[in-house]
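K.L.:
Residue numbers (the working numbering): -14 to 568. After the structure tokens below, expect a handful of questions from me.
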């Protein structure tokens, strides 16, 4: 039976109707009525739904009554603000607290608490319910032993700090839907396993495993660990898949570029009549949580090992190259022909050079088996560097990318543009042995990382100048970029970030801002390169502003070296003579 003590009669009637349809016997009570108090102790009562704002009895009495009842039946407290704490008196942790305005969650949790041992519970729920201690207690009583999994998604907390509460709540919602999708699916969780959320404010999920088909209770040794590892891999990959959905289907906001690791811990408990069953459950949950934290550490170690492997291997990272062109002599016909025929041939006379962009060699990596919480198909450059940064090997990855870029680019015409982190540029004299000294090189210094030593940067610039190599300020317009930095460094090229270029043909403010920077660049004797150009209307506006160099999907998508060489081999006239303009 489910008892409801709620002052909102409309809500009470709706709950009675919906819960009755789901097979529950429901009774509305008033806690200050002696007959209702008798009902609380009637055999068969499994759940109490109680309004936190009831004023018919003293607040302290309500808390004491609820906490006492929560040790023997499932108590769900409905609060106007489930996150708020009342001064002086709080409900115990084993009492489930929900927001009174979230009706689906109330229904799901009430059904969960009423029929948690029922094998058809998954079919009755549209959302994942919240934890109540009586569920594992009843399962442990029924099975004699209970397998517990704890999903630790506390890594999401950093998203709240970095991007705000709204983005954080979206990520929590996506994770919730991923959990719903794998519940009852193949390879992860059976339909009769029970998933619940720890609380409204927590990123912890509990899973109580259905009894093993082989043993009738806990599974054979090692089985829970395999389920935990498989579940961790499955959820992490599902979240990455959400991140890489097409923009029209993607729910994860654009500002989120990586998925925090998620850990799954496991533990098995046995019922023991000599020990309080609630203590057994609490100890099992604590142990499972500790295992989840250990798995998180193991996951971070696996990602570090993955990055080390990619960095050291000769064939797992491979560069693709994207053309950079002189803009002023390009017309729309040339661009349309190149796009129609998917060939750089039609723009070959305007090639300035090529930017090296690292890719994971999917064919080579599929020959190896690895577990790093992410499928290899999602290892695009920004993800690689995010993982490398978290694993403290970003500099080594950067060096590996430069080495591969130089090794493969010897057959390309023009200037080779290579990305480099500022901290590597400080030691460029030790890294130039990767490059053919006769090859024209332009090092693109990332504006996404702070330049902490401007003096070393200036020395590096002068050292490169002595070797007829140059510096480009990459991603200008985001990160740590500033005009003051540009004036001090005086790079050979300033690359405008895509954010400054996108829809510039429709934005007079952007046009005025970019035009001012172009004027300043000419005074500094610096070349402007607009990257990320995707429409001819954008290119036309940039051309009218006098911007010299251009790059983007409109002109050329990154390709492997051989593909570019094959296209250029059919050109009747030689590619324009190119050189690095070092100020």
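From the three backbone atoms N, C-alpha and C, an ideal C-beta is built for every residue, glycine too.
Let's see if you can read the secondary structure: which residues bound the alpha helix (DSSP H) around residue 504?
P.N.:
First-last of the alpha helix (DSSP H) with residue 504: 493 to 508.
K.L.:
Strictly by DSSP, which residues pair up with residue 400?
P.N.:
Bridge partners of residue 400: 338.
K.L.:
Tell me the DSSP secondary structure of residue 59 in three-state form.
P.N.:
Three-state DSSP puts residue 59 in a strand.
K.L.:
Classify residue 77 as helix, strand or coil using the three-state DSSP reduction.
P.N.:
Of the three classes helix, strand and coil, the one that applies to residue 77 here is coil, per DSSP.
K.L.:
Return the residue from the list 448, 501, 459, 185 that minimises the CA-CA distance to residue 436.
P.N.:
Measuring from the Cα of residue 436, the nearest candidate turns out to be 459.
K.L.:
Of the residues 144, 155, 232, which one's Cα is nearest the Cα of residue 245?
P.N.:
Among 144, 155, 232, the Cα nearest to that of residue 245 is on 144.
K.L.:
Could you please give the first and the last residue of the uninterrupted beta strand (DSSP E) stretch that includes residue 191?
P.N.:
Counting along the chain, the beta strand (DSSP E) containing residue 191 begins and ends at 189 to 193.
K.L.:
I'd like the list of long-range same chain contacts for residue 478, defined as Cβ closer than 6 Å, with 5 residues on each side in sequence excluded.
P.N.:
The residues are 457, 512, 514.
K.L.:
Name the residue from 89, 284, 227 whose alpha carbon lies nearest to the alpha carbon of residue 217.
P.N.:
Of the listed residues, the one whose Cα sits closest to residue 217 is 284.
K.L.:
Do residue 388 and residue 419 count as a contact pair if the criterion is CB distance below 8 Å?
P.N.:
Contact: yes.
K.L.:
Counting Cβ pairs, one atom from each stretch, are 3 or more of them under 8 Å apart for the stretch 76 to 90 and the stretch 134 to 152?
P.N.:
Touching, no.
K.L.:
On a Cα-Cα basis, can you pick out the residue from 533, 520, 525 that is closest to residue 541?
P.N.:
Measuring from the Cα of residue 541, the nearest candidate turns out to be 520.
K.L.:
Quick one: residues in its chain with C-beta nearer than 7 Å to the C-beta of residue 152, no 5 flanking neighbours on either side, listed in chain order?
P.N.:
These residues qualify, in order along the chain: 144, 238, 240, 241.
K.L.:
Quick check on residue 264: buried or exposed, where buried means 16 or more other Cβ atoms within 10 Å of its Cβ?
P.N.:
Per the 10 Å Cβ criterion, exposed.
K.L.:
Tell whether a beta-carbon distance below 8 Å holds between residue 202 and residue 149.
P.N.:
No; because the gap between Cβ atoms is not below 8 Å, this pair is not in contact.
K.L.:
Please determine if the stretch 387 to 403 and the stretch 304 to 315 are in contact, where contact requires at least 3 C-beta pairs separated by less than 8 Å.
P.N.:
Counting Cβ pairs under 8 Å, three or more are found: they touch.
K.L.:
Going by beta carbon distance, what residues of the same chain come within less than 8 Å of residue 553, once the five residues before and after it are set aside?
P.N.:
If we look at residue 553 and ignore the five residues flanking it on each side, its Cβ neighbours are 329, 330, 333, 398, 560.
K.L.:
Between residue 183 and residue 51, what straight-line distance do the alpha-carbon atoms span, to the nearest angstrom?
P.N.:
Distance between the alpha carbons of residue 183 and residue 51: 19 Å.
K.L.:
Give me the Cα-Cα distance between residue 277 and residue 267, rounded to the nearest whole angstrom.
P.N.:
Answer to the nearest angstrom: the Cα atoms are 15 Å apart.
K.L.:
Can you grab the Cα-Cα spacing for the pair residue 366 / residue 154, in whole Å?
P.N.:
Taking the straight line from one Cα to the other gives about 27 Å.
K.L.:
Among 209, 421, 3, 390, which one has its Cα closest to the Cα of residue 546?
P.N.:
Residue 390 is the option with its Cα nearest to residue 546.
K.L.:
Please report the straight-line C-alpha distance between residue 300 and residue 548, rounded to a whole angstrom.
P.N.:
Roughly 18 Å between the two C-alpha positions.
K.L.:
In chain order, what residues of the same chain have a beta carbon less than 8 Å from the beta carbon of residue 113, not counting five sequence neighbours either side?
P.N.:
Same-chain partners within the cutoff: 93, 161, 164, 165, 168, 180, 181, 182, 190.
K.L.:
In its own chain, which residues sit with a C-beta less than 6 Å from the C-beta of residue 60, not counting the 5 before and 5 after it?
P.N.:
The answer, listed in chain order, is 33, 51, 54, 80.
K.L.:
Considering residue 247, what are the terminal residues of the alpha helix (DSSP H) in which it resides?
P.N.:
Counting along the chain, residue 247 falls outside any alpha helix (DSSP H), and DSSP gives it neither H nor E.
K.L.:
In whole angstroms, give me the CA-to-CA distance for residue 204 and residue 368.
P.N.:
Approximately 37 Å, taken between the alpha carbons.
K.L.:
Could you tell me the distance, in whole angstroms, from the CA atom of residue 357 to the CA atom of residue 471?
P.N.:
Residue 357 and residue 471: Cα-Cα distance of roughly 39 Å.
K.L.:
Round the Cβ separation of residue 13 and residue -11 to the nearest angstrom and send it over; I've been treating them as touching at under 8 Å.
P.N.:
At roughly 5 Å, the Cβ-Cβ gap stays under 8 Å, so residue 13 and residue -11 are in contact.
K.L.:
Restricting to runs no shorter than 4 residues, where is the alpha helix (DSSP H) found entirely within the stretch 242 to 312?
P.N.:
For the stretch 242 to 312, whole alpha helix (DSSP H) runs of length 4 or above, ordered along the chain, are 262 to 297.
K.L.:
Would the stretch 404 to 417 and the stretch 372 to 388 be scored as touching if the rule is three or more Cβ pairs under 8 Å?
P.N.:
In short, these stretches touch, since the Cβ pair count reaches three.
K.L.:
How many Å lie between residue 338 and residue 318 at the Cα?
P.N.:
Each residue's Cα considered, the two are about 21 Å apart.
K.L.:
When burial is assigned at 16 or more other CB atoms within 10 Å of the CB, is residue 569 buried or exposed?
P.N.:
Nothing can be reported for residue 569: it is not among the residues displayed for the chain, which extend from -14 to 568.
K.L.:
Could you tell me which uninterrupted beta strand (DSSP E) segments, each at least 3 residues in length, are contained entirely in the stretch -9 to 58, listed from first to last along the chain?
P.N.:
If we require 3 residues or more, the beta strand (DSSP E) runs fully inside the stretch -9 to 58 come out as 11 to 13, 32 to 36.
K.L.:
How far does the beta strand (DSSP E) with residue 458 in it reach, from first residue to last?
P.N.:
Counting along the chain, the beta strand (DSSP E) containing residue 458 begins and ends at 455 to 461.
K.L.:
Note down, in chain order, each residue of its chain lying with its Cβ closer than 8 Å to the Cβ of residue 58, except the 5 sequence neighbours on either side.
P.N.:
Here the set comprises 30, 31, 32, 33, 119.
K.L.:
With 16 as the cutoff for other CB atoms within 10 Å, does residue -9 come out buried or exposed?
P.N.:
Burial call: buried.
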